[in-house]
Structure formats: C-alpha cells, structure tokens
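Under my numbering, the first residue of the sequence shown carries the number 4, and numbering increases by one thereafter. Even for Gly, the Cβ is constructed at its ideal location relative to N, Cα and C. Bear in mind the structure is a predicted one, so any value in this text is a computation, not a measurement.
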Amino acid sequence: IVIRHRSVPARPAELDGEVVILVEKGGGLDGAGAEAELRSAFGAFENARFEEGRWRVRFPTHAAAEEAVEAAAAAGALPGAIAVFLFYNSRPYLARGWTTFESAVSTEALARLAYFPGLGKLLDERLPPKVVEIDGAGPRVAEMEDRADEGMGPRNKRVIAAIEAASFTGKGDKPVVVGLYREYAAKVNNAMVDSGEKVKGEYEGEYNAAGEREGRGVMRFADGDIYEGEWKAGWFEGHGVYRHADGGVDAVFFKQSAPVGEAVRWMADGQRAARLRDGKAVEWISLEEARQTAE
Numbered sequence: 004i005v006i007r008h009r010s011v012p013a014r015p016a017e018l019d020g021e022v023v024i025l026v027e028k029g030g031g032l033d034g035a036g037a038e039a040e041l042r043s044a045f046g047a048f049e050n051a052r053f054e055e056g057r058w059r060v061r062f063p064t065h066a067a068a069e070e071a072v073e074a075a076a077a078a079g080a081l082p083g084a085i086a087v088f089l090f091y092n093s094r095p096y097l098a099r100g101w102t103t104f105e106s107a108v109s110t111e112a113l114a115r116l117a118y119f120p121g122l123g124k125l126l127d128e129r130l131p132p133k134v135v136e137i138d139g140a141g142p143r144v145a146e147m148e149d150r151a152d153e154g155m156g157p158r159n160k161r162v163i164a165a166i167e168a169a170s171f172t173g174k175g176d177k178p179v180v181v182g183l184y185r186e187y188a189a190k191v192n193n194a195m196v197d198s199g200e201k202v203k204g205e206y207e208g209e210y211n212a213a214g215e216r217e218g219r220g221v222m223r224f225a226d227g228d229i230y231e232g233e234w235k236a237g238w239f240e241g242h243g244v245y246r247h248a249d250g251g252v253d254a255v256f257f258k259q260s261a262p263v264g265e266a267v268r269w270m271a272d273g274q275r276a277a278r279l280r281d282g283k284a285v286e287w288i289s290l291e292e293a294r295q296t297a298e
C-alpha cells in the first residue's frame, strides 16, 4: 500500500538558508578539511557541518541559499559533489521526480484494469486499496486520476513526459527513472495478459469459411496494443508483429496466440533490443542483431 501525503507544509524558520551538499566518497569534498574549498565555491555561509557523505551549511538568507543551489546546478562548478539542494524542499509533490514516479507505478495496475474488468473485479474483492491519501481530514482511498478511455499508450507517454519535466536531486536520476517506469509498466501489462482474460479489440483482415479470423489481419486492442500478422482459426498463428501501447515492438512467431521460439523485442526508447524465447526476454542484443534475427 502507498501512503501518500501530497500537500507540502510551510518551511520551518530554523531551516531558512540551509543547504545540503552530497559528496563522492573519497572525493575532494569528502571530509571536514574541505570547508575552504566550499567557501571558495559558495562565498559567505555559516555553521558548516560535515556529516557522513554530506555537508550542511547555512546561508545568511534563504534567497542566498536558493541562488547558491541554482549556481551549483547550472555550472556544475563543484567537483566532488553528487548533488546540491535546499535542506527543506518546498517543491510541489507532482513537480518532484521520485514522487511523480511513485504515483505512476502505484496507479499503473489500476489504469490497466480498466481493460481487464474480470480481473479488476476479482482483485477489488480480495485486495485492500492500493493508494491511501493522508493529507486531508482523515485517511481516504485515493481517487483514480486516469481516464478509462485514455488508452495505455497515451498514459505511458503522459507519465514519461511528467517524469522528464519533474526535478531530481541526484545527477543522472531522470533517465534511470524513465527506464524503471517503462520496465514496470511492461511487467504489469504482461502479468495481466498472462491472466488469460481477453482485451476487447477491433479486427480488420481475412476470415475462413467458418467465419474465423484466418490469413492476414490486424487487431487493435482497446488498451492501445496492436497485433499485425498471420492468423488461423481465430488465433495468432505464424509470424506477426505485436506493438505494445508503451511503444515496445515484438517480432514474434505465434502458436495458438502464444509466442514460441526465438524472437526480438525493441524497447520503447528505440535504443535497445532484447532476445525473446517463448515470449520472455533472456538477454540484451545489439540493434543490428535484432534486425537480422527478425528478418
């Protein structure tokens, strides 16, 4: 269960001007003897304290502290520093990178269950609420913020855009978090597909004499996934391309709608590819090897 408190209280006066500098272990700022280097970089501050892995310093005014943090981030002018930030973070909840990610993953399954109503009903009966808000008069179940008719592709793009627009303290966190979200969304989707419940969709293609889908055809599912390829007696059967709503693409051979043998998945970022065996990713491969395998 995710316990969420989205309102940000006012900054306590004792934290005015307080700045934290996270430092690299063994780097030039790792130790009490680096205070002179900090003063050279930041100018006037007081009450410098070195704690394990970080410095805390206080500037004369909070405005001066904000200017120091902005200057350090913009110029990268402090070698040995992993991150420089205000001790008190007044940034709104949904403008913070990790909380944006947390909200996204905690509601990912809820959003996808709109396309698996049978599974959704079962889980609703057996499991407690996933997200609880605690910043009101009392704890309450969080309202679903996603539109059921949005489609998973647009949702994934919206979440990734929100993560990329949010602020992170650590250097390099943003692309890592985008990757974590993509991987989590794919795992949730695969788990629901493996439940056996069918997602509704619209088919365009060939049929056999019995009125079953057979030959070549395209199925566009309600959640945004698309299958284009060969069919037999109503099943995916033979070679096909499965385009996931999150942007990932699989080139697969199917037997009665189950992926079999060796196949390829291109990740949504277009920069990575994986080898699949019976529909499961087993190793990363180069884009060129992926192309050759799919041919």
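Three or more beta-carbon pairs separated by less than 8 Å are not found between the segment 123-138 and the segment 58-75, which leaves the two stretches without contact. When DSSP states are grouped into helix, strand and coil, A169 belongs to the coil group. Straight across, the Cα-Cα distance linking G83 with K28 is about 8 Å. CA-CA distance, M195 to A266, rounds to 21 Å. With 16 or more other CB atoms across the displayed protein chains lying within 10 angstroms of its CB, E111 is buried.
Closest in C-alpha terms to V162, from the list P15, G208, A114 and E54, comes A114.
The residues G204, E205 and I229, in chain order, have a CB closer than 7 Å to that of R223 in the same chain once the five nearest residues on each side in sequence are set aside. For L130, no alpha helix (DSSP H) segment is defined, and its DSSP state is neither H nor E. For A86, the closest C-alpha among the options V191, A44 and R57 is that of R57.
E205 sits in a strand when the DSSP states are folded into three classes. By the neighbour-count criterion, in which a residue is buried when 16 or more other Cβ atoms sit within 10 angstroms of its Cβ, L290 is exposed. For L18, no beta strand (DSSP E) encloses it, and the DSSP letter there is neither H nor E. With a contact defined as Cβ atoms closer than 8 Å, P63 and A47 qualify at about 7 Å.
Between G251 and A189 a beta carbon distance of about 6 Å is seen, short of the 8 Å cut, so the two are scored as contacting. G214 and A248 have their C-alpha atoms some 28 Å from each other. By the CB criterion at 8 Å, V22 and L89 fall inside the cutoff. DSSP places I163 in the helix class (H, G or I) of the three-state scheme. Annotation for M222: the continuous beta strand (DSSP E) segment containing it runs R216 to F224.
When only Cα atoms are considered, Y96 and A169 end up about 10 Å apart. When the beta-carbon positions are compared, R216 and G241 stay at least 8 Å from each other. Under the criterion of beta carbons closer than 8 Å, W269 and A261 do not qualify as touching, at roughly 20 Å. Looking from the CA of G282, the closest CA among E231, I24, D197 and A76 belongs to D197.
Between E38 and the set L18, V60, L279 and G20, the nearest pair of CA atoms involves V60.
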